[in-house]
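Numbering (our numbering), first residue to last: 152 to 568.
Structural data, given as structure tokens:
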């Protein structure tokens with residue numbers, strides 16, 4: 152029923168939303184694309200339709216007691232309520248999105264799903280103050296919406312369809328705000344707690360650890376406490392803890408607890424991951440490259456590379472400007488006896504702007520740059536534009552795995568082919 156930071160800072164982040172409407176790899180599996188708001192795609196997950204059906208059924212049964220004269224039309228009113236409720240959730244998520252855009256944090260997408268919505272913000276806030284504001288605006292706007300619906304109730308008759316709808320939307324937005332303000336990751340309140348601890352301790356990791364473990368305690372409290380609270384006042388009635396209603400409450404509590412526990416764990420793992428990412432250094436992982444003309448035989452080009460201990464080949468023009476990169480996979484596919492007859496230019500991939508990587512990139516910034524333009528090799532250049540070498544995506548992947556397995560390890564340079 153709230154939003155989660157479970158996808159707020161993936162290592163593949165910092166990719167700006169493209170101006171065209173093409174779906175990117177990171178958006179696949181997001182559900183049904185409903186449109187774009189401020190350039191950010193809004194998806195509806197398949198699980199939303201199940202929840203909408205459950206809300207329609209549950210709220211329709213409530214309407215039958217309040218407005219029995221509606222008959223079967225009560226389910227149409229209930230369906231409208233379900234859509235209006237998730238529209239409120241979308242407004243909640245848009246508050247996060249607008250704050251992220253204001254702070255120059257790219258947003259991959261907004262997704263409406265089983266228990267509310269998620270704004271997938273692709274990069275961490277740089278300061279605890281911004282982190283706090285970014286998390287707080289969502290519940291704040293839900294409270295504002297609750298107030299708007301309350302004011303609407305004052306101008307319509309109670310006991311009517313508009314009155315019941317406005318009351319339901321007011322209560323549901325209050326619940327969304329209260330739930331999201333609970334102080335544990337991955338909820339907004341947990342992000343706010345993380346920001347406060349970060350500010351006090353000076354360490355974002357300390358804030359994440361505190362908020363993540365608070366989230367886990369919160370998950371346990373929800374698992375045990377939610378069924379008890381729903382039966383408050385009837386604890387002496389043994390029958391109140393049996394039957395379909397009790398089973399539904401227990402199942403809902405288990406689902407909520409699982410979501411909170413999993414989200415808290417994911418937040419903790421991502422924080423530890425970010426601590427290790429600086430081990431990824433473009434300069435350290437780059438192979439020395441030998442410039443060759445396009446018509447140079449592959450055997451001759453490899454001989455030159457081996458003579459100087461280089462691990463890559465760059466095709467250049469007559470003035471030494473880089474034109475393309477010889478693919479490692481292409482070299483491997485050429486049998487040794489044919490290499491004197493194969494020009495390196497036939498095995499090269501033409502350079503694009505996205506394949507030119509600054510030598511000083513590290514960590515998440517390096518991953519962001521590579522994933523924005525998928526390729527097998529990249530030309531690494533100095534600030535002056537001078538060629539530093541060639542970076543293989545396989546080397547980065549290997550270094551990433553090493554960094555995760557051995558937190559203190561430095562990336563191992565790749566030997567020459």
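Cβ atoms here follow ideal geometry from the backbone N, Cα and C, with glycine treated the same way.
Beta-carbon spacing of residue i, residue j below 7 Å
i           : j           : result
residue 258 : residue 251 : yes
residue 502 : residue 544 : no
residue 334 : residue 359 : no
residue 594 : residue 495 : The question about residue 594 has no answer here: the residues shown for the chain are numbered 152 through 568.
residue 363 : residue 418 : yes
residue 572 : residue 437 : Past the boundaries of the shown model lies residue 572; the chain is included only from 152 to 568, so the question cannot be answered.
residue 289 : residue 232 : no
residue 498 : residue 471 : no
residue 429 : residue 527 : no
residue 473 : residue 530 : yes
Collapsed DSSP secondary structure at residue i in the structure displayed
i           : result
residue 183 : strand
residue 269 : strand
residue 274 : coil
residue 207 : helix
residue 385 : Any reading at residue 385 must be qualified, since the residue scores a pLDDT of 49, below 50, and its modelled position is unreliable; the value itself is stated next. Residue 385 falls in the coil class under three-state DSSP.
residue 252 : helix
residue 524 : coil
residue 262 : strand
residue 166 : With a pLDDT of only 31 at residue 166, under the threshold of 50, the placement of this residue in the model should not be trusted; the figure read from the coordinates follows. Correct three-state label for residue 166: coil.
residue 540 : strand
residue 475 : strand
residue 178 : Low per-residue confidence applies at residue 178: pLDDT is 45, beneath 50, and the placement is therefore not dependable, though the value from the model is reported in the following sentence. Of the three classes helix, strand and coil, the one that applies to residue 178 here is helix, per DSSP.
residue 470 : coil
residue 464 : strand
residue 440 : strand
residue 448 : strand
residue 530 : strand
residue 237 : helix
Cβ distance (whole Å) where residue i is taken to contact residue j below 8 Å
i           : j           : result
residue 340 : residue 351 : No, residue 340 and residue 351 are not in contact; Cβ-Cβ is about 17 Å, not under 8 Å.
residue 195 : residue 263 : 5 Å
residue 349 : residue 282 : 7 Å
residue 465 : residue 455 : Actually they do not touch by this definition, with Cβ atoms about 12 Å apart.
residue 452 : residue 443 : 5 Å
residue 373 : residue 401 : At roughly 11 Å, the Cβ-Cβ gap does not stay under 8 Å, so residue 373 and residue 401 are not in contact.
residue 415 : residue 342 : Rounded, the Cβ-Cβ distance is 11 Å, inconsistent with contact.
residue 510 : residue 433 : 6 Å
When the options are compared against residue i, the one with the closest alpha-carbon
i           : options               : result
residue 423 : 473, 357 and 541      : 357
residue 192 : 201, 261, 458 and 524 : 261
residue 493 : 548, 206, 450 and 199 : 450
residue 296 : 238, 286 and 453      : 238
residue 478 : 367, 470, 471 and 463 : 463
residue 242 : 232, 224 and 268      : 268
residue 300 : 321, 330, 409 and 367 : 321
residue 518 : 234, 506 and 547      : 547
residue 552 : 500, 505, 431 and 457 : 431
residue 189 : 224, 516, 253 and 197 : 253
residue 398 : 379, 412, 413 and 409 : 379
For the 8 Å Cβ check, are there 3 or more pairs between the region 204–217 and the region 269–279? no
For the region 215–224 and the region 302–315, state whether three or more C-beta atom pairs, one from each stretch, are separated by less than 8 Å. yes
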